[in-house]
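This report concerns only the one structure given below.
What follows is the structure in C-alpha cells.
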C-alpha cells in the first residue's frame, strides 16, 4: 500500500485546474494505486489526484461496492433531474453540507492503460463523479452551494482545528462561487 497525505482546504493545488494525462505509463499506474490505497484508508467515496498534490486529471472512487478510477473524465448529463443532500470531502475533514447535484451522469474517459472507459452513475455515484471531476477543475464542492449555505459552510470551516488562518476566505456577492486566496 502507498498511502499519501491528503491536501487540506487552503492548499493552492486544490484551486488549480489539473493537466490532461497524455502518458499512460507506470507512473500513472502508481498514482492510481496511491489514490485507491489512500481513499480506502480514509474511508472516502472518491479521491482526486490534486488532493494528493498531483495536478493530473485522474481520480479514484468507491461507491456501492463499485471501486475504480477514471483518467481525463468528461461528464455528460442525460437529463435535468437534480438531487440535494449531504456531501463531504477528504480535503475538508469531518464536514458535510447539503449540496445540489445532478441525479444522473455519464463519465467518459480512460483507464490507467489508456483504454476507453464509461461510467454511468445515478444518486451517490453521480454525486461522486461530479465532485471528483470538480476537483480536477480546481472547484471545491462548497463552491456549488447557494449563498446562504456557503456562508454557513465557511463559518464552520474557519472554526475547525485544521483550518489554516493564513488562508483568507472571501465570499463574493456577484456569482455563485466563493473566492479563496492566500494572504
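Numbering (my numbering), first residue to last: 44 to 226. For each residue, glycine too, the CB sits at the ideal point set by N, CA and C.
Can you check whether the CB of residue j is closer than 8 Å to the CB of residue i?
{"i": "residue 77", "j": "residue 95", "result": "yes"}
{"i": "residue 87", "j": "residue 133", "result": "yes"}
{"i": "residue 115", "j": "residue 153", "result": "yes"}
{"i": "residue 67", "j": "residue 156", "result": "yes"}
{"i": "residue 110", "j": "residue 81", "result": "no"}
{"i": "residue 188", "j": "residue 198", "result": "no"}
{"i": "residue 139", "j": "residue 125", "result": "no"}
{"i": "residue 52", "j": "residue 182", "result": "no"}
{"i": "residue 93", "j": "residue 174", "result": "no"}
Hey, how far is the Cα of residue i from the Cα of residue j?
{"i": "residue 112", "j": "residue 121", "result": "21 Å"}
{"i": "residue 137", "j": "residue 84", "result": "15 Å"}
{"i": "residue 61", "j": "residue 106", "result": "23 Å"}
{"i": "residue 100", "j": "residue 161", "result": "15 Å"}
{"i": "residue 205", "j": "residue 176", "result": "24 Å"}
{"i": "residue 123", "j": "residue 55", "result": "32 Å"}
{"i": "residue 151", "j": "residue 46", "result": "27 Å"}
{"i": "residue 194", "j": "residue 146", "result": "25 Å"}
{"i": "residue 170", "j": "residue 202", "result": "26 Å"}
{"i": "residue 190", "j": "residue 69", "result": "43 Å"}
{"i": "residue 108", "j": "residue 63", "result": "28 Å"}
{"i": "residue 59", "j": "residue 180", "result": "7 Å"}
{"i": "residue 168", "j": "residue 71", "result": "23 Å"}
{"i": "residue 104", "j": "residue 209", "result": "31 Å"}
{"i": "residue 165", "j": "residue 186", "result": "21 Å"}
{"i": "residue 163", "j": "residue 200", "result": "32 Å"}
{"i": "residue 226", "j": "residue 65", "result": "Its pLDDT being 28, under 50, residue 226 is placed unreliably in this model, and the coordinates cannot settle the point."}
Since I believe residue j is in contact with residue i (beta carbons under 8 Å), could you give me their beta-carbon distance rounded to a whole number of angstroms?
{"i": "residue 172", "j": "residue 118", "result": "7 Å"}
{"i": "residue 127", "j": "residue 148", "result": "That belief does not hold up - the Cβ atoms of residue 127 and residue 148 are roughly 15 Å apart, past 8 Å."}
{"i": "residue 192", "j": "residue 158", "result": "That pair is no contact at about 39 Å."}
{"i": "residue 97", "j": "residue 74", "result": "6 Å"}
Starting from residue i, follow its DSSP beta bridges and name the residues at the other end.
{"i": "residue 99", "result": "62"}
{"i": "residue 148", "result": "164"}
{"i": "residue 112", "result": "103"}
{"i": "residue 94", "result": "In the DSSP output, where bridge partners are listed per residue, residue 94 has none listed."}
{"i": "residue 118", "result": "150"}
{"i": "residue 47", "result": "In the DSSP output, where bridge partners are listed per residue, residue 47 has none listed."}
{"i": "residue 21", "result": "A query on residue 21 cannot be resolved here, the shown segment of the chain reaching from 44 to 226 and no further."}
{"i": "residue 159", "result": "153"}
{"i": "residue 125", "result": "145"}
Quick one: which unbroken alpha helix (DSSP H) runs of 4-plus residues sit fully inside the region 166 to 207? Chain order, please.
Counting only runs of 4 or more, we get 167 to 179, 190 to 201.
In chain order, each alpha helix (DSSP H) run of at least 4 residues that lies wholly inside the region 65 to 92
69 to 85
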